[in-house]
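Residue numbers (our numbering), protein chains in the order written: chain A, 1 to 387; chain B, 388 to 791. Backbone N, C-alpha and C fix where the C-beta goes; we use that ideal spot for every residue, glycine too. As the structure is a computational prediction, the values presented were derived from the model and not from experiment.
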């Protein structure tokens, strides 16, 4: 009896578990009712015209994390550098004699009209500032000492340049350090002089090897010492005439961005968005690559009426040399378009910006919505209708 | 008894993983309809309503519970292997399923008063289709699958007012969900996969009434009717978007399941042989399910016949003498129509029953059948099924022979 019960259990278990094998094929596909079949649809603005809006606008930005610090004046651009060295020895103060104070900057090899004349002055800043949130508009409200603390005139290659600074300024910073008033050290502004016709990029504090350096040679009796520091807070600003809205381009440094929106209300609400591709064609005649000229742009969803209300994750647009087109794709675009499909009132479009917007004053001319149908921005959406 | 009950619960739980694709025909209506018979009756070609038994808890006819002896729990399982031939291809698949669980408690055996509680399958939707294709110049797998089905819980009783008449009735509540998934899997990570799941949930009552006439020695005539049932139908659509899943209520209404009737007869040839036949039907032709524009169902009927041979039913007989041997056949015109053609199936069945101790019996049945046509979209199916059931019994509320 016990053996028989075991046999029963084995039979039951074998029968139930033997059904786990399964190799689905396409057999029976034709027997599915038409309403069961998923409908994949493509919305391609190059095939099916839809309303497209494009516009260039200026996004006033700060450059506290920039790789490069641009300085100079050329082609309508004005660039300034702000530096604040804020760690000094607190044991020197008024003692001894300061033999020299020198500022070192390492050129990055990029700039605008780099062969043009170049010169700048250094002046002490006397009003508080912070690299965080400091923009081109902030320059006007900056207070400066009346005297020029340093001056540079000369040509620039990739070698370090050195600017002799007023030793009184160095003494002031050492005294402030001894007094524990390092927060009162406000640094200096580097301002292009009137004859300057070029802009040069210098490495910023974010590059530990080529960060700006301040060197103070100090002597006290028989003791001579050299104080060198590259601990600093730095930023730069760049300004130019405002962008023309009917001329579509993105530009770093300033930063000029593109607003791009598509009317996708032809897609039924509730559809599942499978892929999104956006095509933007480069106009080589209006493109100027002064800096690294990276062949990528970034696109990000605009979240509201404000131009700086943007989603956190951007999608990369790669330039296709063969077609002269930037192609954007990826999950952030799918997420944005899916949201607009289900809630069309949230469609504020996309913002395109340059890849190194923070540091590189490169300009990418783009064909706008009024351009020829093959050149204007386009969107291609693959979606699945609801069953 | 407790040992068996525990085992059955374990099996029921574990077998939830064992449901895999069967035929796309189950896409239609409320799914592939269950035969509604026990494994013993499948061996008999699915002859069910006139079959009286001391151990086999009839699924189709509550009147047949009057002859049950001992309190019983009965579990049925099956495994199916199907080979489908289409115009240029053929493929195979296996599935397994629980065919029902019933508990019978004979309170007053002499009056035939037996209460039965049961959990039985009514239908199942169970298919998987997978197609490799190019979408938007990207390789993709398009998958369609259906799972779920309707089941019923029942509570009923039988009664034998006179020696030649057995009557019974049960209240049944039908419930379950039919789920259809439509999926597109893109191989590229830059594409979001489509995943839509439509779930149609049903729930509603019906009754089953039956009788068996034993007026002529050796001859049993049985019939049963399960009433038509208006059951609720709630539809929800689940959509998987790139950033969230959304469930939409897409409709609530009532759906009518038509009445089922069975009529059949068995005749005892001496003490060892029994022959039987049965006709059953369910008219789905007026029923519209799911999407009225897409398809309509049709009248379903089944014709069955079978023979059983059992050398002895005496408990004192040897194990070999207490084995039962069966053979049968049935023909069913299903409720599905494809391209204007009724889908029919023909099965040849065989089985045997065996004792396990004094009050417990097992039944094993096999069936081989064919369905459809090579030239229709669902193809020609060759189907092989193995069934097994165990009816575990113990005497409750009764005295064992010799204990009086």
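Using CA coordinates, which residue listed in the options is at the minimum distance from residue i?
| i | options | result |
| --- | --- | --- |
| residue 801 of chain B | B:526, B:651, B:412, B:506 | Summary: the structure shown does not reach residue 801 of chain B, with chain B confined to residues 388 through 791, and so no result is reported for it. |
| residue 472 of chain B | B:760, B:772, B:779 | B:760 |
| residue 689 of chain B | B:763, B:621, B:732 | B:732 |
| residue 572 of chain B | A:274, A:162, A:320 | A:274 |
| residue 442 of chain B | B:600, B:427, B:433 | B:427 |
| residue 336 of chain A | A:228, A:359, A:311, A:153 | A:311 |
| residue 324 of chain A | A:303, A:351, A:365, A:242 | A:365 |
| residue 306 of chain A | A:350, A:298, A:272, A:46 | A:350 |
| residue 740 of chain B | B:583, B:700, B:606, B:474 | B:700 |
| residue 511 of chain B | B:483, B:672, B:674 | B:483 |
| residue 56 of chain A | A:243, A:160, A:261, A:75 | A:243 |
| residue 202 of chain A | A:371, A:71, A:348 | A:71 |
| residue 666 of chain B | B:716, B:708, B:644, B:658 | B:716 |
If we call anything under 9 Å between Cβ atoms a contact, is residue i one with residue j?
| i | j | result |
| --- | --- | --- |
| residue 80 of chain A | residue 192 of chain A | yes |
| residue 652 of chain B | residue 664 of chain B | yes |
| residue 232 of chain A | residue 86 of chain A | yes |
| residue 451 of chain B | residue 462 of chain B | no |
| residue 58 of chain A | residue 257 of chain A | yes |
| residue 611 of chain B | residue 591 of chain B | no |
| residue 377 of chain A | residue 52 of chain A | yes |
| residue 513 of chain B | residue 641 of chain B | no |
| residue 723 of chain B | residue 751 of chain B | no |
| residue 565 of chain B | residue 730 of chain B | no |
| residue 68 of chain A | residue 196 of chain A | no |
| residue 199 of chain A | residue 290 of chain A | yes |
| residue 178 of chain A | residue 54 of chain A | no |
Quick one: what's got a C-beta closer than 6 Å to residue i's C-beta in the same chain, skipping five residues either side?
| i | result |
| --- | --- |
| residue 771 of chain B | 468, 755 |
| residue 453 of chain B | 499, 545, 547, 553 |
| residue 630 of chain B | none |
| residue 295 of chain A | 319 |
| residue 391 of chain A | With chain A covering only 1 through 387, there is no way to say anything about residue 391 of chain A. |
| residue 539 of chain B | 507, 509, 559, 561 |
| residue 422 of chain B | 433 |
| residue 375 of chain A | 281, 367 |
| residue 609 of chain B | 436, 437, 448, 599, 651 |
Could you work out which residues of chain A lie near residue i, taking near to mean beta carbons separated by less than 9 Å?
| i | result |
| --- | --- |
| residue 427 of chain B | Here the premise fails: no neighbours, minimum Cβ distance about 16 Å. |
| residue 414 of chain B | 28, 31, 32, 33, 36 |
Excluding the five sequence neighbours on either side, which residues of its own chain have a C-beta within less than 7 Å of the C-beta of residue i, listed in chain order?
| i | result |
| --- | --- |
| residue 327 of chain A | 277, 279, 317, 318, 320 |
| residue 606 of chain B | 652, 654 |
| residue 465 of chain B | 483, 484, 486, 772, 773, 774 |
| residue 172 of chain A | none |
| residue 397 of chain B | Residue placement at residue 397 of chain B is flagged as unreliable, the pLDDT there being 46, under the threshold of 50; a coordinate-derived value is accordingly withheld. |
So residue i contacts chain B; which residues on that side make the cut at Cβ distance below 7 Å?
| i | result |
| --- | --- |
| residue 133 of chain A | What residue 133 of chain A touches in chain B: nothing, since even the nearest Cβ is about 32 Å away. |
| residue 338 of chain A | 628, 629, 630 |
At a CB-CB cut-off below 8 Å, which residues of chain B make contact with residue i?
| i | result |
| --- | --- |
| residue 335 of chain A | 629, 630 |
| residue 30 of chain A | 764 |
Show which residues of chain A have a CB atom less than 8 Å away from the CB atom of residue i.
| i | result |
| --- | --- |
| residue 523 of chain B | 40, 42, 274, 275, 382 |
| residue 626 of chain B | 270, 272, 386 |
| residue 547 of chain B | Within chain A, no residue comes near residue 547 of chain B; the closest Cβ sits about 31 Å away, beyond 8 Å. |
| residue 796 of chain B | Residue 796 of chain B lies beyond the residue range present for chain B, which begins at 388 and ends at 791; the question has no answer from this structure. |
| residue 636 of chain B | In chain order: nothing, as chain A lies at least about 13 Å away. |
Identify, in the order they occur along the chain, each residue of the same chain with its Cβ nearer than 8 Å to the Cβ of residue i, setting aside the five sequence neighbours on each side.
| i | result |
| --- | --- |
| residue 580 of chain B | 570, 571, 572, 573, 627 |
| residue 391 of chain A | The structure shown does not extend to residue 391 of chain A, since chain A spans only 1 to 387, so no value can be given for it. |
| residue 308 of chain A | 59 |
| residue 681 of chain B | For residue 681 of chain B, the pLDDT reaches just 49, beneath the cut-off of 50, and the residue's location in the model is therefore unreliable, leaving the point undetermined. |
| residue 668 of chain B | 647, 648, 686, 687, 688, 689 |
Given that residue i touches chain A, what residues does it touch there, using C-beta distances under 7 Å?
| i | result |
| --- | --- |
| residue 581 of chain B | 38, 272, 274, 384 |
| residue 411 of chain B | 28, 31, 32 |
| residue 585 of chain B | 387 |
List the residues of chain C whose Cβ lies closer than 7 Å to the Cβ of residue i, in chain order.
| i | result |
| --- | --- |
| residue 420 of chain B | Checking the listed chains, one finds no chain C in this structure; the protein chains it contains are A and B. |
Is residue i near the ligand FMN, judged by its Cβ being under 8 Å from some heavy atom?
| i | result |
| --- | --- |
| residue 758 of chain B | The model depicted lacks the ligand FMN and carries no ligand whatsoever. |
Mind listing which residues of the region 268 to 279 of chain A have their C-beta closer than 8 Å to chain B's C-betas, in chain order? 270, 272, 273, 274, 275
Against chain B: residues of the region 343 to 356 of chain A by CB proximity under 7 Å: none
Where the region 556 to 578 of chain B meets chain A: residues whose CB sits under 9 Å from a CB there: 567, 569, 570, 571, 573, 575, 576, 577, 578
Selection of the region 95 to 107 of chain A by Cβ proximity to chain B, strictly under 9 Å: none
Using a beta-carbon distance cut-off of less than 7 Å, what residues from the region 471 to 489 of chain B approach chain A? 471, 473, 476, 478, 480, 481, 482, 483
Residues of the region 70 to 86 of chain A with Cβ closer than 9 Å to any Cβ of chain B, in chain order: none
Near-chain A residues of the region 717 to 748 of chain B (beta-carbon distance less than 7 Å), N- to C-terminal order: Within the region 717 to 748 of chain B, the residues whose Cβ lies closer than 7 Å to some Cβ of chain A are 725, 743, 744, listed in chain order.
Given a limit of 9 Å on CB to CB distance, which residues of the region 314 to 336 of chain A reach chain B? 329, 330, 331, 334, 335
Residues from the region 219 to 251 of chain A in contact with chain B, defined by Cβ distance under 7 Å: When C-beta distances to chain B are compared with 7 Å, every residue of the region 219 to 251 of chain A stays at or above that value.
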